[in-house]
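By numbering that gives the first Met the number 0, the letter at position 429 of the sequence shown is numbered 428, and the numbering carries on one by one without gaps.
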Amino acid sequence: MVVLVLLIAGAGYAYYWTHDLHRVQVNGLSSNFLSGAEVGTENILMLGSTSRCALAVQNPAYGVCSQGVNGVNSDVIMILHVDQTHRRLALLSIPRDLFLPNARSTGPNKIDAGLYQGVSQVVTSIEEDFGIPIQHAVELNFDQFANVVDALGGINMSFPESVFDAESGLNVQAAACVHLNGVQALQVVRARHLQYQGTSSAHYAEDWPYENQSDLARIRRDHEFLRVLASAVAKRGLGNPISDISLVNSLKSDLTFDQSWSVNAMAALVLDFHHVNMNTVPQLTLPVALVTDPNGGQYGDLMYNGYDYGQVEFPVAAADRAAVDQVLGINPNVDALTGQKLPAPSAVTVSVMNGSGVANQAATTESALGALGFHTVGVGDVTSTGDVAETVVYYASHAASAEAAAEEVARSMSGAVIIAYDPSQVASGAQVTVVTGTDFSVNAPGAGAATTTTTTSQSSPIGTPSSPNEALRPWDPRACAPGAQPTAPLPNPTY
0 MVVLVLLIAG AGYAYYWTHD LHRVQVNGLS SNFLSGAEVG TENILMLGST
50 SRCALAVQNP AYGVCSQGVN GVNSDVIMIL HVDQTHRRLA LLSIPRDLFL
100 PNARSTGPNK IDAGLYQGVS QVVTSIEEDF GIPIQHAVEL NFDQFANVVD
150 ALGGINMSFP ESVFDAESGL NVQAAACVHL NGVQALQVVR ARHLQYQGTS
200 SAHYAEDWPY ENQSDLARIR RDHEFLRVLA SAVAKRGLGN PISDISLVNS
250 LKSDLTFDQS WSVNAMAALV LDFHHVNMNT VPQLTLPVAL VTDPNGGQYG
300 DLMYNGYDYG QVEFPVAAAD RAAVDQVLGI NPNVDALTGQ KLPAPSAVTV
350 SVMNGSGVAN QAATTESALG ALGFHTVGVG DVTSTGDVAE TVVYYASHAA
400 SAEAAAEEVA RSMSGAVIIA YDPSQVASGA QVTVVTGTDF SVNAPGAGAA
450 TTTTTTSQSS PIGTPSSPNE ALRPWDPRAC APGAQPTAPL PNPTY
């Protein structure tokens, strides 16, 4: 999707071809930075929608709206960071199953569920729960994605092993280089229930082993797909007004943009970055941790407020902040939302509420935060509403100072910790209220995030955090070797 943004930015070559770009009203977008560490930068939210009801022609391969396949989720959530001052791009993917306090306006959910309330809600949750400012937004659905690939004449990818995914329709026999049209490319980027032949002697593909990373594996493949797509764009000669206008004219109706992104700004973006090699652009995935299954399985479901959310992922405070800082190009003492320096702990007033039921957890946490210099103003208990390991650092105002105070507290902790805006959760007399979960630590005084003092007294239900940089696995499709001649897709004969 990075390249899609650059492609449509090329529309700025001629307003005549771009006056009918599809726009949507997106609320809550941040203004461009006028001061601080992030001057000259902006963040573009890119969403892939699963809405079948939005498709012009219903396709049984995706599920049919009239047959009840009517959910609206964002399978792909990426943030493109653009630094025009330093001519730098970076990409951050957010896993779709990440459980966030403000995923919807009604409360906690997986982040992908926010799109049901519109692009504005996804913007809000990212800004409130991660402190990442969003200046622009782009959305596309299944048909739009396929049309974009077809407008490029398709793409070529190598399949080192035979792979199969019953959910996405992916079914390809191993081949050195395969030409994929838009629908086939969509099968690749949607695959998160992938099975691979490997050394299996099973006759049927549905009996092959599954990879065990689901959406995280899909993100890994999506990043590789972007590199391949970038090469396809480069061969079209991006930067040549004649070929760009032709390409943009075939794509412009296939993406939805926020109302404030001007054609001139899009043109400036493509002119500044069309020579960038996507192989050199950092592509990170926000680290997450999975709920472990107490019965011995790899992953367990999350029960919250009497509802089963299925398999979810939790944030990993220290690793998440490091990934965000790397993508945004800022230091750990900078508030990502404002670009200004974070407040000193002594300037932040904190209360602590025990949300896990662990004995004396609020008092122990208050003491640990006090040792770091925070001004603590009391402890208490809140009624647990479910099996949630997250520790949430709540703030009560959309003022920049309130969010910055919460971010400073969160940066002083490790484990499943995240910030969230919710005035009802913040105790009287406090800027910030920490509601504890079952998996967190407060950093030891004078130590970095790697050295922590544990403040919980029960074992964590959280698994090992994922890596922000995942290497391709042997079965993952990838770029074809230079000079390789593509064949047509080879359906797997074992299914």
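Even for Gly, the Cβ is constructed at its ideal location relative to N, Cα and C.
Chain-order list of residues whose beta-carbon lies under 6 Å from that of residue i (same chain, five-residue window excluded)
| i | result |
| --- | --- |
| Val280 | Leu88 |
| Gln196 | Glu160, Ser161, Trp207 |
| Thr348 | His374, Val376, Ala429, Gln430 |
Neighbourhood of residue i by C-beta distance below 7 Å, restricted to the same chain and skipping five residues each side
| i | result |
| --- | --- |
| Ile133 | Leu28, Ser29, Asn42, Leu44, Val122, Ile125, Glu126 |
| Gly295 | In this predicted model, Gly295 has a pLDDT of only 48, less than 50, meaning its place in the structure is not dependable enough to derive any value. |
| Phe32 | Val38, Thr40, Gly338 |
From the options, residue whose alpha carbon lies closest to that of residue i
| i | options | result |
| --- | --- | --- |
| Arg22 | Val177, Asp307, Val137, Val351 | Val137 |
| Ala36 | Ala267, Gly338, Ile78 | Gly338 |
| Gln484 | Leu179, Asn304, Val392 | Leu179 |
| Ala204 | His222, Glu160, Val232 | Glu160 |
| Arg103 | Tyr209, Ala112, Gly47, Arg95 | Ala112 |
| Ala399 | Gly445, Pro314, Gln116, Val333 | Val333 |
| Asp82 | Ile329, Val171, Phe129, Glu312 | Ile329 |
| His273 | Gln310, Tyr308, Ala231 | Ala231 |
| Asn468 | Ala404, Ile218, Ser427, Ala346 | Ile218 |
| Ile110 | Ser157, Asn140, Ser48, Phe144 | Ser48 |
| Gln282 | Ser259, Asp221, Ala401 | Asp221 |
| Thr255 | Asp142, Phe373, His397, Pro422 | Asp142 |
| Pro476 | Arg86, Gln172, Val38, Asp128 | Gln172 |
| Gly372 | Thr284, Thr463, Ala343, Phe129 | Ala343 |
Own chain partners of residue i with C-beta closer than 8 Å, once the 5 adjacent residues on each side are dropped
| i | result |
| --- | --- |
| Thr450 | Residue placement at Thr450 is flagged as unreliable, the pLDDT there being 37, under the threshold of 50; a coordinate-derived value is accordingly withheld. |
| Ser119 | Gln24, Val25, Asn26, Gly27 |
Which residues DSSP lists as bridging residue i, in chain order
| i | result |
| --- | --- |
| Arg103 | Gly106 |
| Tyr203 | Beta-bridge pairing links Tyr203 to no other residue. |
| Glu138 | Leu46, Thr255 |
| Gln310 | Asp300 |
| Leu90 | Leu79, Gln282 |
| Ser396 | Bridge partners of Ser396: none, in fact. |
| Tyr115 | DSSP, once it has assigned bridges, lists no residue as partnering Tyr115. |
| Met156 | Val177 |
| Asn276 | Its beta-bridge partners do not exist; DSSP assigns none. |
| Ala405 | Paired residues: none, contrary to the question. |
| Val171 | Val162 |
| Phe224 | None, per the DSSP bridge assignment. |
| Val416 | Thr390 |
| His374 | Thr348 |
Where residue i falls: helix, strand or coil (DSSP)
| i | result |
| --- | --- |
| Phe163 | strand |
| Thr48 | The sequence as given places Ser at residue 48; Thr does not occur at that position. Correct three-state label for Ser48: strand. |
| Arg477 | strand |
| Val68 | The predicted model places Val68 with a pLDDT of 41, which falls under 50 and marks its position as unreliable, so this point remains unresolved. |
| Asn146 | helix |
| Gly369 | helix |
| Val347 | coil |
| Thr450 | Residue confidence for Thr450 is low, a pLDDT of 37 falling below 50, so the modelled location carries little weight; the figure read from the coordinates is stated next. Looking at Thr450 - three-state DSSP - the assignment turns out to be coil, as it is neither helix nor strand. |
| Asp214 | helix |
| Ala362 | helix |
| Thr455 | Since pLDDT at Thr455 reaches only 44, below the 50 mark, its modelled position is unreliable, and the value read off the structure follows with that caveat. Three-state DSSP puts Thr455 in coil, outside helix and strand. |
| Ile125 | helix |
| Asn31 | coil |
| Val503 | Residue 503 is absent from the model: the chain starts at 0 and stops at 494. |
Is the stretch 69 to 83 touching the stretch 159 to 166, taking contact as three or more C-beta pairs under 8 Å?
no
Three Cβ pairs or more, each shorter than 8 Å: is that satisfied between the stretch 410 to 422 and the stretch 311 to 322?
yes
Within 8 Å, do at least three Cβ pairs link the stretch 426 to 442 to the stretch 377 to 393?
yes
Is the stretch 140 to 153 touching the stretch 180 to 192, taking contact as three or more C-beta pairs under 8 Å?
yes
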